[in-house]
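Numbering (the numbering used here), first residue to last: 48 to 297. Just so it is clear, CB atoms sit at the ideal spot from N, CA and C, and this is done for glycine as well. Model, not experiment: these values are computed from the prediction.
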Ligand code: BGC
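Spelled out as structure tokens, the structure:
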């Protein structure tokens, strides 16, 4: 497997990319970020990815992966919660090849974060079922069983009290609704206890930007499952996308 790859993380506010050292899981050199185009149509976002790669001067032999805030099933987006709806039905592999002139390995952003945590972070060497949740604009999930990813789980959309969970419990909603840590932790409690009753995992890993403030809310949760903060924080999507691209290229 290549020891150098490039990851691009596509989010609602920014498209970020960097080279990654796959021996250590660390970002090498500069991290390029450009604003996510508005509207964030497939062509506009693919063009932003092209600009990121150009700024990074990524050579033709370096595997490139990209993390998306949606499930990617055999290269195609079947459903989109928080980016432009025109993504639904798009073949991302074909789109990226057309705009970037090179193959790009697409995957879900939470799956990318999950792979990164297994390879380099909080889930490394953990046996059994690990659920990595990313708390951001939405809630993303990655389910990893004995180190192997079960792709495209969308457990951020489980129904709780008649609502799509992420519309009440994401970190974005905490900000929008101006919730205190305690009130938000009450919602997280419901969410994670529901999830543990459905999945009986061995470990929860909590990622997303808000996980840097884990001391404010993780100690308030009472769960049978151990729950720990992610270790890669804001590079998880980039590192996981790079890692997956190198695995596919190997
Ligand atoms: C999407 C997931 C994504 C998550 C985090 C959800 O709304 O459905 O695919 O992983 O947000 O971006």
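Keeping to the same chain, check which residues put their C-beta closer than 7 Å to that of residue i; ignore five residues upstream and five downstream.
{"i": "residue 234", "result": "215, 216"}
{"i": "residue 243", "result": "270, 271, 272"}
{"i": "residue 122", "result": "138, 139, 140, 153"}
{"i": "residue 134", "result": "89, 117, 124, 127"}
Suppose you measure from the CA of residue i to the CA of residue j; what does that come to, to the nearest Å?
{"i": "residue 268", "j": "residue 141", "result": "43 Å"}
{"i": "residue 314", "j": "residue 116", "result": "With the chain running from 48 to 297 in the structure shown, residue 314 is simply not present."}
{"i": "residue 157", "j": "residue 170", "result": "14 Å"}
{"i": "residue 259", "j": "residue 77", "result": "22 Å"}
{"i": "residue 130", "j": "residue 59", "result": "6 Å"}
{"i": "residue 198", "j": "residue 248", "result": "16 Å"}
{"i": "residue 301", "j": "residue 245", "result": "No answer is possible for residue 301: the residues shown for the chain start at 48 and end at 297."}
{"i": "residue 228", "j": "residue 188", "result": "21 Å"}
{"i": "residue 63", "j": "residue 100", "result": "10 Å"}
So is residue i buried or exposed if we call it buried at 16+ other beta carbons inside 10 Å?
{"i": "residue 66", "result": "buried"}
{"i": "residue 54", "result": "buried"}
{"i": "residue 177", "result": "buried"}
Could you pull out every residue in the same chain whose Cβ sits closer than 6 Å to the Cβ of residue i, ignoring the five residues on either side in sequence?
{"i": "residue 292", "result": "52, 110, 111, 112, 152"}
{"i": "residue 287", "result": "159, 160, 162, 163"}
{"i": "residue 68", "result": "75"}
{"i": "residue 278", "result": "168, 169"}
Looking only at its chain, what residues have a beta carbon closer than 8 Å to the beta carbon of residue i, apart from the 5 residues adjacent to it on each side?
{"i": "residue 237", "result": "207, 208, 216"}
{"i": "residue 175", "result": "192, 193, 248, 249, 250"}
Relative to the ligand BGC, is the shortest distance from any of its heavy atoms to the C-beta of residue i smaller than 6 Å?
{"i": "residue 243", "result": "no"}
{"i": "residue 281", "result": "no"}
{"i": "residue 34", "result": "Lying before the first or after the last residue shown, residue 34 is absent from the chain, which here runs from 48 to 297."}
{"i": "residue 164", "result": "no"}
Going residue by residue through the region 162–228, where are the continuous beta strand (DSSP E) segments of at least 3 residues, counting only ones entirely within it?
Entirely contained in the region 162–228, the beta strand (DSSP E) runs reaching 3 residues are, in chain order, 176–182, 186–192, 195–197.
Minimum length 4: unbroken alpha helix (DSSP H) runs contained in the region 232–292
Counting only runs of 4 or more, we get 261–264.
Secondary structure, beta strand (DSSP E): runs of 3+ residues fully inside the region 90–135:
Annotation: the region 90–135 contains the following complete segments of the beta strand (DSSP E) (minimum length 3 residues), in chain order: 111–115.
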